[in-house]
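The listed protein sequences derive, respectively, from chains R and L. For the first sequence, the numbering used here begins at 230 and goes up steadily by one. For the second sequence, the numbering used here begins at 502 and goes up steadily by one. All C-beta atoms in this analysis are idealised placements derived from N, C-alpha and C, irrespective of residue type, glycine included. All figures in this text were calculated on a predicted structure; none of them were measured in a lab. This report refers to the structure that appears directly beneath it.
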Amino acid sequence: GAVVSQHPSWVICKSGTSVKIECRSLDFQATTMFWYRQFPKQSLMLMATSNEGSKATYEQGVEKDKFLINHASLTLSTLTVTSAHPEDSSFYICSARDRQDNSPLHFGNGTRLTVT
Amino acid sequence: GNSVTQMEGPVTLSEEAFLTINCTYTATGYPSLFWYVQYPGEGLQLLLKATKADDKGSNKGFEATYRKETTSFHLEKGSVQVSDSAVYFCALSPPGTYKYIFGTGTRLKVLA
Chain R
230 GAVVSQHPSW VICKSGTSVK IECRSLDFQA TTMFWYRQFP KQSLMLMATS
280 NEGSKATYEQ GVEKDKFLIN HASLTLSTLT VTSAHPEDSS FYICSARDRQ
330 DNSPLHFGNG TRLTVT
Chain L
502 GNSVTQMEGP VTLSEEAFLT INCTYTATGY PSLFWYVQYP GEGLQLLLKA
552 TKADDKGSNK GFEATYRKET TSFHLEKGSV QVSDSAVYFC ALSPPGTYKY
602 IFGTGTRLKV LA
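Here it is, written out as structure tokens:
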């Protein structure tokens with residue numbers, strides 16, 4: 230089946246630094262990828278839609294200058310958390326849509342970010 | 502607007518018990534409906550889906566039927582196992598979009 234690989238699976242960084250999270254579709258091409266954030270014991274909140282070759286579309290309330298998204302190829306999207314603060318600590322999950330069919334979204338295994 | 506409401510957990514069951522996790526939705530048109538499962542420390546895995554009214558999705562002994570008249574998509578399993586312990590998310594995707602809207606998730610704990 231289709232696989233979405235997310236890296237790293239966990240990361241700890243200091244306040245003020247930036248962290249990059251990668252999301253790759255391993256065996257399919259994804260024109261669209263989605264980035265979600267999950268707070269403890271809560272649901273997934275859609276942060277932004279990443280479109281290959283164009284600017285990402287951010288959901289209301291999500292700071293685009295803080296959460297930089299780049300979708301440079303059909304198999305890779307990156308989320309960079311800039312100038313991270315402890316309140317950015319969360320579980321970030323990406324998902325991707327196979328451009329070839331209408332199958333449901335495929336999800337990565339998530340990245341646990343802890344900002345100290 | 503579009504929304505998904507799930508029963509609050511946690512749900513604690515003994516092994517081989519019957520499981521029902523309620524899910525209702527609000528949407529315009531005919532959305533696609535999904536159940537995803539999340540094991541500890543992992544991402545989401547698609548459990549089952551239904552794309553039109555009266556469709557029944559099934560996988561690994563789990564079932565859910567798309568009920569347009571009651572706007573529901575309840576998840577059921579006849580006999581749960583300890584390995585089914587996880588968080589279950591109900592989700593919808595409005596027609597013509599791949600934006601998924603998730604419910605708050607229901608934690609299931611199955612005791613041996």
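Residue i versus residue j - alpha carbon distance
{"i": "R608(L)", "j": "D256(R)", "result": "31 angstroms"}
{"i": "E543(L)", "j": "G530(L)", "result": "32 angstroms"}
{"i": "F603(L)", "j": "G245(R)", "result": "31 angstroms"}
{"i": "L534(L)", "j": "S319(R)", "result": "26 angstroms"}
{"i": "T343(R)", "j": "A285(R)", "result": "24 angstroms"}
{"i": "A613(L)", "j": "A592(L)", "result": "29 angstroms"}
{"i": "N338(R)", "j": "I241(R)", "result": "17 angstroms"}
{"i": "D585(L)", "j": "L576(L)", "result": "13 angstroms"}
{"i": "R328(R)", "j": "H300(R)", "result": "14 angstroms"}
{"i": "T513(L)", "j": "L545(L)", "result": "21 angstroms"}
Opposing strand residues paired with residue i [DSSP bridges]
{"i": "F261(R)", "result": "A small correction: the amino acid at residue 261(R) is Thr; Phe does not occupy that position in the sequence shown. T261(R) pairs with N280(R), R326(R)."}
{"i": "N560(L)", "result": "F563(L)"}
{"i": "K578(L)", "result": "L520(L), F563(L)"}
{"i": "A231(R)", "result": "Partner(s): none; A231(R) has no beta bridge."}
{"i": "Y537(L)", "result": "L547(L), F590(L)"}
Buried or exposed (CB count within 10 angstroms, at least 16 for buried), residue i
{"i": "A565(L)", "result": "buried"}
{"i": "P269(R)", "result": "exposed"}
{"i": "P315(R)", "result": "exposed"}
{"i": "F519(L)", "result": "exposed"}
{"i": "S580(L)", "result": "exposed"}
{"i": "K569(L)", "result": "exposed"}
8 angstroms contact criterion, which residue i and residue j should meet: CB distance rounded
{"i": "E292(R)", "j": "L275(R)", "result": "14 angstroms between Cβ atoms; not a contact."}
{"i": "S283(R)", "j": "T261(R)", "result": "Rounded, the Cβ-Cβ distance is 10 angstroms, inconsistent with contact."}
Proximity winner among the options, relative to residue i (alpha-carbon distances)
{"i": "L547(L)", "options": "V232(R), T286(R), G290(R)", "result": "V232(R)"}
{"i": "S324(R)", "options": "D317(R), L305(R), Q271(R)", "result": "L305(R)"}
{"i": "F296(R)", "options": "S312(R), T261(R), Q235(R)", "result": "S312(R)"}
{"i": "A528(L)", "options": "G502(L), S573(L), W536(L)", "result": "G502(L)"}
{"i": "A554(L)", "options": "T598(L), S515(L), T571(L), Y540(L)", "result": "T571(L)"}
{"i": "K610(L)", "options": "Y540(L), P532(L), V505(L)", "result": "Y540(L)"}
- the stretch 317-344 of chain R: which residues have C-beta closer than 7 angstroms to a C-beta of chain B, in chain order? In the structure shown, chain B cannot be found, because the protein chains are R and L.
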